[in-house]
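Reviewing the structure listed below.
Protein chains: 2
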Amino acid sequence: MKNQHPPVLQAASLAERFERGDLFAAQCPSREVLKHVTSRWGVLVLVALLAGTHRFSDLRRKVNGISEKMLAQTLQWLESDGFVQRIAFPVMPPHVEYTLTPLGLDIAGKVEALTDWIEVNILQISAAQQSSLSQA
Amino acid sequence: MKNQHPPVLQAASLAERFERGDLFAAQCPSREVLKHVTSRWGVLVLVALLAGTHRFSDLRRKVNGISEKMLAQTLQWLESDGFVQRIAFPVMPPHVEYTLTPLGLDIAGKVEALTDWIEVNILQISAAQQSSLSQA
DNA sequence: CAGGATCCTAAACGATACTG
DNA sequence: CAGTATCGTTTAGGATCCTG
């Protein structure tokens, strides 16, 4: 069954939402956004777009391994969440540009903070993996 | 355009990113770690453990909707990545505690920064979704 | 209580073909 | 070029049973 966003968010639950722990509720609307943003390709597309406007094929080349289908779907998710703006030029052949919105720029920064941390600490993580084998 | 990069991002220059291998490469080892951390339950378990040590059943109760299987698997991922330390007391019935390692504490903070941002901006995101429908 | 083993469904994903 | 549509495969994830 499909869990769709409620058209109007209750002001009553707004206060609750500002408290920590609301995310743990299964019906939290943030989980849907989180799903898009932390998806396998969502992360990479957001970070890629931090470098600036990209065309569809640019993104496809940059995000190594992504398929047409997944790129299109990921971009649609991010666009519907208001993180990405899609601009289609009515020319032939088609020319479409994708840009982060201010909102998207903000969240992409958070995502990049995470991915950067992983890349910086990847050796330390691998080392921890090794030592965990001897610990138990 | 309000490009407000956190300090951590500036520490990772473009040149450095090329040297340590880019996340955009399909074979980048960081992608595996990223997969665990940004997985549906990985995010929630990490944030949950920020509150301190939890037993298996505590986590299961706290992370609403997670199954035994996925909790066990997620914890094993995070443990093998060196983010979570598992302590099993040899008693009957079993007593097992899970705690964030220093490395895990660090990355959980990044993840929480992301989830917190979403929770705080969820209304703005919904608003962006609405306006994107009327713009077109 | 913690979690392994098994089975199963739903969803994600990829490849290809096709179109404006 | 930028997608959509369709199909087949793979993986995530859930339910249940079982054991130490």
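Order-wise, the sequence lines are chains A and B. Residue 46 in my numbering is what sits at position 46 of the first sequence, and the numbering runs on without skipping anything. Numbers given in my numbering equal positions in the second sequence, counted from 1, plus 136. Virtual Cβ for every residue (Gly too), placed ideally from N, Cα, C.
Checklist line | CB contact flag (I261/B, V33/A, <8 Å) | finding: Looking up residue 261/B in the second sequence gives position 125. Looking up residue 33/A in the first sequence gives position 33. Taking 8 Å as the Cβ cut-off, I261/B and V33/A qualify as a contacting pair.
Note to self: Between S175/B and the ligand HEM, is there a pair consisting of the residue's CB and a ligand heavy atom that are separated by less than 7 Å?
What the structure shows: Judged by which ligands are present, the structure shown has none, so any question about the ligand HEM falls away.
Note to self: Taking a contact to mean a Cβ-Cβ separation below 8 Å, would you say L186/B touches V199/B in this structure?
What the structure shows: Locating residue 186/B in the second sequence gives position 50, where the first residue counts as 1. Locating residue 199/B in the second sequence gives position 63, where the first residue counts as 1. It is not a contact, given that the beta carbons lie outside the stated cut-off.
Notebook entry, point to check: Should V47/A and L159/B be called a contact, given that it needs their Cβ atoms to be closer than 8 Å?
Noted result: Mapped onto the first sequence, residue 47/A falls at position 47. Mapped onto the second sequence, residue 159/B falls at position 23. In this structure, L159/B lies closer than 8 Å to V47/A by Cβ.
Check: So which residues of chain A does K246/B contact, with C-beta pairs closer than 7 Å?
Finding: One-based indexing of the second sequence puts residue 246/B at position 110. For a Cβ distance threshold of 7 Å, residue set A113, L114, W117 of chain A lies close to K246/B, ordered along the chain.
Check: When the Cα of L71/A is compared with those of S39/A, R31/A, L105/A, which residue comes out closest?
Finding: By one-based count along the first sequence, residue 71/A stands at place 71. Comparing Cα-Cα distances from L71/A to each of S39/A, R31/A, L105/A, the minimum goes to S39/A.
Margin query: For R61/A and V96/A, I'd like the C-alpha separation in whole angstroms.
Written below: As a first step, residue 61/A is located in the first sequence; it is residue number 61 there, counting from the start. As a first step, residue 96/A is located in the first sequence; it is residue number 96 there, counting from the start. Separation of R61/A and V96/A (C-alpha to C-alpha, rounded to the nearest whole angstrom) is 15 Å.
Note to self: For P229/B, tell me which candidate among F192/B, G178/B, A162/B has the shortest Cα-Cα distance.
What the structure shows: Looking up residue 229/B in the second sequence gives position 93. Nearest C-alpha to P229/B: F192/B.
Next item on the list: Go ahead and pull the three-state DSSP assignment for V63/A.
Entry: Locating residue 63/A in the first sequence gives position 63, where the first residue counts as 1. Three-state result, V63/A: coil.
Margin query: Below 9 Å on C-beta distance, what does A48/A contact in chain B?
Written below: Indexing the first sequence from 1 puts residue 48/A at position 48. F160, listed in chain order.
Notebook entry, point to check: Which of helix, strand or coil does DSSP assign to T38/A?
Noted result: Indexing the first sequence from 1 puts residue 38/A at position 38. Coil.
Margin query: Let me see if you follow: with CB-CB separation under 8 Å, is A128/A close to chain B or not?
Written below: As a first step, residue 128/A is located in the first sequence; it is residue number 128 there, counting from the start. True, the Cβ-Cβ gap to chain B drops below 8 Å.
Item checked: Sequence-distant residues of its chain with Cβ nearer than 8 Å to G218/B (five each side left out) -> Residue numbering aside, residue 218/B sits at position 82 when the second sequence is read from its first letter. Within the same chain, G218/B has close Cβ partners T237, L239, G240.
Item checked: Rounded C-alpha distance that separates A26/A from V37/A -> Within the first sequence, numbered from 1, the residue matching residue 26/A stands at position 26. Within the first sequence, numbered from 1, the residue matching residue 37/A stands at position 37. Rounded to whole angstroms, A26/A to V37/A spans 17 Å at the Cα level.
Check: Are L114/A and K171/B touching if we call contact CB-CB under 8 Å?
Finding: As a working mapping, residue 114/A is identified with position 114 in the first sequence. As a working mapping, residue 171/B is identified with position 35 in the second sequence. Cβ distance not < 8 Å, so L114/A and K171/B don't count as in contact.
Note to self: Please give me, in chain order, every unbroken run of the beta strand (DSSP E) with length at least 3 that falls completely inside the segment 173 to 260 of chain B.
What the structure shows: 220 to 225, 231 to 236
Checklist line | Within 8 Å, strictly: CB atoms of I258/B and S80/A | finding: Within the second sequence, the letter at position 122 stands for residue 258/B. Within the first sequence, the letter at position 80 stands for residue 80/A. Not a contact, by the Cβ cut-off of 8 Å.
Check: Grouping DSSP H, G and I as helix and E and B as strand, with all else coil, what is D158/B?
Finding: To locate residue 158/B, count along the second sequence from 1; it is residue 22. D158/B: coil per DSSP, three-state reduction.
Notebook entry, point to check: Thinking C-beta only, is T74/A closer than 8 Å to Q85/A?
Noted result: Here residue 85/A corresponds to residue number 85 of the first sequence, with the count starting at 1. Here residue 74/A corresponds to residue number 74 of the first sequence, with the count starting at 1. No. Outside cutoff.
Item checked: Simplified DSSP state of Q265/B, which is helix, strand or coil -> Translated into the one-based positions of the second sequence, residue 265/B becomes position 129. Looking at Q265/B - three-state DSSP - the assignment turns out to be helix.
Check: Which residue from G178/B, A264/B, I254/B puts its Cα closest to that of G116/B?
Finding: Nothing can be reported for residue 116/B, as the shown portion of chain B is limited to 137 through 272.
Note to self: Going by C-alpha to C-alpha distance, which of L195/B, W213/B, E204/B, A264/B sits closest to A128/A?
What the structure shows: On the first sequence, position 128 is the one that residue 128/A refers to. Measuring from the Cα of A128/A, the nearest candidate turns out to be W213/B.
Check: Buried or exposed: which applies to L14/A, given that a residue is buried once 16 or more other Cβ atoms fall within 10 Å of its Cβ?
Finding: Counting from 1 along the first sequence, the entry for residue 14/A is found at position 14. Residue placement at L14/A is poorly supported in this model, since its pLDDT is 44, which falls under 50; the coordinates still yield a value, given next. Residue burial is scored here from C-beta neighbours: L14/A has fewer than 16 other C-beta atoms within 10 angstroms and is therefore classed as exposed.
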